[in-house]
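A.B. asks: Following numbering that gives the first Met the number 0, the numbering of the sequence shown begins with 0 at its first residue and continues without gaps. Think of the CB as a built atom: it goes at the ideal place given N, C-alpha and C, for glycine as much as any other residue. No experiment lies behind these values; they were computed from the predicted model shown.
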Amino acid sequence: MSKTLVIREIGKQSYEKILSRMKHFTNVRSESTADEIWILEHHPVFTQGQAGNSDYILASGDIPVVQSDRGGHVTFHGHGQITAYTLIDLKRANSKIFELIDVIEKSVIETMALWNVEGHTKNSSRGVFCESGKKIASIGLRVRKGYTYHGVNFNIDMNMSPWSRINACGLGIEMTQLKSETHINVQFDRVQASFREILTKNLGYNNHTDKIILTEIEHKDYDSYR
Numbered sequence: 000m001s002k003t004l005v006i007r008e009i010g011k012q013s014y015e016k017i018l019s020r021m022k023h024f025t026n027v028r029s030e031s032t033a034d035e036i037w038i039l040e041h042h043p044v045f046t047q048g049q050a051g052n053s054d055y056i057l058a059s060g061d062i063p064v065v066q067s068d069r070g071g072h073v074t075f076h077g078h079g080q081i082t083a084y085t086l087i088d089l090k091r092a093n094s095k096i097f098e099l100i101d102v103i104e105k106s107v108i109e110t111m112a113l114w115n116v117e118g119h120t121k122n123s124s125r126g127v128f129c130e131s132g133k134k135i136a137s138i139g140l141r142v143r144k145g146y147t148y149h150g151v152n153f154n155i156d157m158n159m160s161p162w163s164r165i166n167a168c169g170l171g172i173e174m175t176q177l178k179s180e181t182h183i184n185v186q187f188d189r190v191q192a193s194f195r196e197i198l199t200k201n202l203g204y205n206n207h208t209d210k211i212i213l214t215e216i217e218h219k220d221y222d223s224y225r
């Protein structure tokens, strides 16, 4: 049976605006609503997950802190980081939440490999790590009525200094980005396109048999979306 996936590339957006829209989308969707992936960059912000501890925010400074309903601890979002929100009907996908996380992690690792960077996962912590032990991608999801929202943050080419202001993910580990781990030229748009294609494939969508709708929404137009 043919499936439909809507992919929205929506540029640089505030966290609170997107969080509100994700919640609304999840609350009003039904069994007939197509799954969506929202791909974007957030303006600089620290977000606290449900397991968040205020002690893990060392010095937020001029960067706002927003409480989120996703899983996990504190993390940083900023320009040069791919954020992909996976709005998936788990029942229709015949998937469990942990299987979806596995798919997202696999997609990050396969994208890294295109730039000759080896990535791996850990049993003790979700996300993707480099051989150096540094973390390059963080994952936090939430499920409501069998529908997922939130997703993954994949560091590509960003200002890394804000990471020193937090105990990232409550792990006390150093964060890294693709640009710092490869000798191959990193073009953000190219990495994003590769990750989009790999994630779509790993979620079980086929360009030949399924309907994949890719839309780009400019920042100025996004206020009118939903």
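Smallest Cα separation from Asp34: which of Ile197, Arg7, Phe194?
C.D. replies: Walking along the sequence shown from the start, residue 34 turns up at place 35. The candidate whose alpha carbon is nearest that of Asp34 is Arg7.
A.B. asks: Could you give the C-beta distance for Val73 and Tyr84, rounded to a whole number, given that I count them as a contact under 8 Å?
C.D. replies: Taking the first residue of the sequence shown as position 1, residue 73 is located at position 74. Taking the first residue of the sequence shown as position 1, residue 84 is located at position 85. Not a contact, Cβ separation roughly 18 Å.
A.B. asks: I need the DSSP call for Lys148, collapsed to helix, strand or coil.
C.D. replies: By one-based count along the sequence shown, residue 148 stands at place 149. It is worth fixing the name first, because residue 148 is Tyr in this sequence and not Lys. Three-state DSSP puts Tyr148 in a strand.
A.B. asks: Using 8 Å as the threshold, is the segment 199 to 207 in touch with the segment 7 to 19, meaning 3 or more CB pairs across them?
C.D. replies: Counting Cβ pairs under 8 Å, fewer than three are found: no touch.
A.B. asks: Just how far apart, CA to CA, sit Asp209 and Lys2?
C.D. replies: The count along the sequence shown starts at 1 and reaches residue 209 at position 210. The count along the sequence shown starts at 1 and reaches residue 2 at position 3. Cα to Cα, Asp209 sits roughly 5 Å from Lys2.
A.B. asks: Between the segment 33 to 48 and the segment 111 to 120, do three or more beta carbon pairs fall short of 8 Å?
C.D. replies: Because the criterion of three Cβ pairs below 8 Å is not met, the segment 33 to 48 and the segment 111 to 120 do not touch.
A.B. asks: Going by DSSP in three states, Val102 sits in which element: helix, strand or coil?
C.D. replies: As a first step, residue 102 must be located in the sequence shown, where it is residue number 103. Looking at Val102 - three-state DSSP - the assignment turns out to be helix.
A.B. asks: Any chance you could list the alpha helix (DSSP H) runs of at least 4 consecutive residues sitting entirely within the segment 6 to 61, in chain order?
C.D. replies: You should have 14 to 27.
A.B. asks: Within 8 Å of any Cβ in chain B, is that where the Cβ of Tyr84 sits?
C.D. replies: The question asks about chain B, but that chain is absent: this structure has only one protein chain.
A.B. asks: With DSSP as the reference, label Lys200 as helix, strand or coil.
C.D. replies: Position 201 of the sequence shown holds residue 200. In this structure, Lys200 counts as helix in the three-state DSSP scheme.
A.B. asks: I need the DSSP call for Ile183, collapsed to helix, strand or coil.
C.D. replies: Position 184 of the sequence shown holds residue 183. Coil at Ile183, not helix or strand.
A.B. asks: Note down the Cα distance separating Gly145 from Leu86, rounded to an integer number of angstroms.
C.D. replies: In the sequence shown, residue 145 corresponds to position 146, counting from 1. In the sequence shown, residue 86 corresponds to position 87, counting from 1. Approximately 10 Å, taken between the alpha carbons.
A.B. asks: Which class does Arg195 belong to by DSSP, given the choice of helix, strand or coil?
C.D. replies: Counting from 1 along the sequence shown, the entry for residue 195 is found at position 196. Note: Arg195 maps to helix in three-state DSSP.
A.B. asks: Give the DSSP-derived three-state secondary structure of Tyr221 in the structure shown.
C.D. replies: To locate residue 221, count along the sequence shown from 1; it is residue 222. With a pLDDT of only 47 at Tyr221, under the threshold of 50, the placement of this residue in the model should not be trusted; the figure read from the coordinates follows. It is helical.
A.B. asks: For Gly126 and Lys11, what's the separation of their Cα atoms in angstroms?
C.D. replies: Taking the first residue of the sequence shown as position 1, residue 126 is located at position 127. Taking the first residue of the sequence shown as position 1, residue 11 is located at position 12. Near 23 Å, if we compare the C-alpha coordinates of Lys11 and Gly126.
A.B. asks: At which residues does the alpha helix (DSSP H) containing Lys90 begin and terminate?
C.D. replies: Residue numbering aside, residue 90 sits at position 91 when the sequence shown is read from its first letter. Lys90 -> alpha helix (DSSP H) spans 89 to 92.
A.B. asks: Give the secondary structure of Glu130 by DSSP, where H, G and I count as helix, E and B as strand, and everything else as coil.
C.D. replies: Here residue 130 corresponds to residue number 131 of the sequence shown, with the count starting at 1. Coil, per DSSP.
A.B. asks: Here's a check: name, in chain order, each residue in its chain whose Cβ is nearer than 6 Å to the Cβ of Leu213, leaving out the five neighbours to either side.
C.D. replies: For the purposes of this step, residue 213 is identified with residue 214 of the sequence shown, where counting begins at 1. Ile6.
A.B. asks: Helix, strand or coil: which one does DSSP assign to Met159?
C.D. replies: One-based indexing of the sequence shown puts residue 159 at position 160. Looking at Met159 - three-state DSSP - the assignment turns out to be coil, as it is neither helix nor strand.
A.B. asks: Could you check how far apart the C-beta atoms of Gln191 and Ile38 are, in whole angstroms? I think they sit under 8 Å.
C.D. replies: One-based indexing of the sequence shown puts residue 191 at position 192. One-based indexing of the sequence shown puts residue 38 at position 39. Going by Cβ atoms, the distance from Gln191 to Ile38 rounds to 6 Å, so yes, they are a contact pair.
A.B. asks: Just confirm the distance between the C-beta atoms of Arg141 and Arg91, as a whole number of angstroms; I'd bet it's less than 8 Å.
C.D. replies: Stepping through the sequence shown from its first residue, residue 141 is reached at position 142. Stepping through the sequence shown from its first residue, residue 91 is reached at position 92. Contact doesn't hold; Cβ gap of about 18 Å is too wide.
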